[in-house]
Amino acid sequence: MIDDPCEIGAGTKIWHFCHVSKNVRLGKKCNLGQNVFVAPDVIIGDNVKIQNNVSVYTGTIIEDDVFLGPSCVLTNISNPRSQIIRRGLYEQTLLRRGCSIGANATVVCGTIIGQYSFVAAGAVITKDVPDYALIIGVPGKQFGYMSRHGYRLQNPDSDGIRRCPVSGWRYYEEGGVLRCLDLNEDSPMFEK
Ligand SMILES: CC(C)(COP(=O)(O)OP(=O)(O)OC[C@H]1O[C@@H](n2cnc3c(N)ncnc32)[C@H](O)[C@@H]1OP(=O)(O)O)[C@@H](O)C(=O)NCCC(=O)NCCS
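FYI, the working numbering numbers position 147 of the sequence shown as 165, with every residue one higher than the one before it.
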């Protein structure tokens, strides 16, 4: 079911039993699996993959290249009460470019999920997640970093460089912020 008005980019695929609400902006080449609900006013970038049984509530902003695993849960009110109407007081949750949310994970609203971070299956996110961080458990705690290619980054070399064990791409942490040193225009993961 697609409500009017909404924008759906070229090449986006929407499978069975989905509902895309009004004023949604859904980018190009996205994939919505079975039973996905997108609430009014949600903004979703390009090449976003949303697996089966996910509800994306108002207040959520999803940047390009994000992956939402099956049955993961996003939220938009941190203290819901049936008798108190909080419609219009939704809290914002920002999923930054390239992050992955594992199956059955829960993201408590008001958080920013960093670029290319990786939330393990079943984890519960209660605070902001740094770029490239791997978060596991309830409540979610950081266990090192994941590369853009989705592999755990090794401990830093003597020169402070961490490498992806599969792609060989190099990463460097400075001031608590991890950056990738191997981006170039030939790469499909070129920084937009
Ligand atoms: C987080 C993840 C990437 C870790 O993978 P990994 O680096 O290969 O980790 P390992 O399997 O070697 O496990 C390392 C330890 O972490 C634990 N662990 C792994 N995943 C975990 C999870 N999701 N929650 C809690 N603990 C986890 C393992 O039990 C193991 O513990 P141990 O050392 O005490 O035995 C992976 O388990 C995961 O959650 N992937 C997401 C899968 C998913 O949701 N896919 C969606 C699309 S279908």
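Every residue, glycine too, gets a C-beta built ideally from N, C-alpha and C. This structure is a prediction, so every number in the text was calculated from the model and none was measured.
Assigned exposure category for residue i - 16 Cβ within 10 Å defines buried
i      : result
ALA28  : exposed
PHE136 : buried
LEU107 : exposed
SER118 : buried
TRP33  : exposed
ASP22  : exposed
ASP204 : exposed
Residue i: first and last residue of the uninterrupted beta strand (DSSP E) it sits in
i      : result
LYS159 : 159-163
ILE102 : No beta strand (DSSP E) holds ILE102; DSSP gives it neither H nor E.
TYR190 : 188-192
ASP196 : A small correction: the amino acid at residue 196 is Leu; Asp does not occupy that position in the sequence shown. Start and end: 195-198.
ARG181 : 179-181
ILE79  : 78-80
ILE153 : 151-154
THR111 : 111-113
Contact set for residue i: own chain, Cβ-Cβ below 7 Å, skip 5 residues either direction
i      : result
ASN71  : ASN53, PRO88, SER89
GLU109 : GLY77, ASN94, ILE95, SER96, CYS127, GLY128
Close beta carbons around residue i, own chain, < 6 Å, minus the five adjacent residues each side
i      : result
ILE95  : ARG104
PRO174 : ARG180
GLY120 : GLY87, VAL137, ALA138, ALA139
LEU113 : ILE80, VAL84, ILE131
LYS147 : Before going on, a small fix: residue 147 reads as Val here, not Lys. Cβ within range, chain order: ILE131, GLY132, SER135, ILE153.
ASN41  : PRO58, ASP59
VAL91  : THR124
Beta-carbon separation (whole angstroms), residue i vs residue j, contact threshold 8 Å
i      : j      : result
THR124 : ILE153 : Actually they do not touch by this definition, with Cβ atoms about 12 Å apart.
TYR134 : ARG166 : 5 Å
Cβ-based neighbour list, residue i, same chain, cut-off 8 Å, excluding 5 preceding and 5 following
i      : result
ASN65  : GLY45, LYS46, LYS47, CYS48, ASP82, ASP83
VAL38  : MET19, ILE20, ASP21, CYS24, ILE26, ILE32, LEU44, LEU50, VAL56
VAL156 : GLY140, ALA141, VAL142
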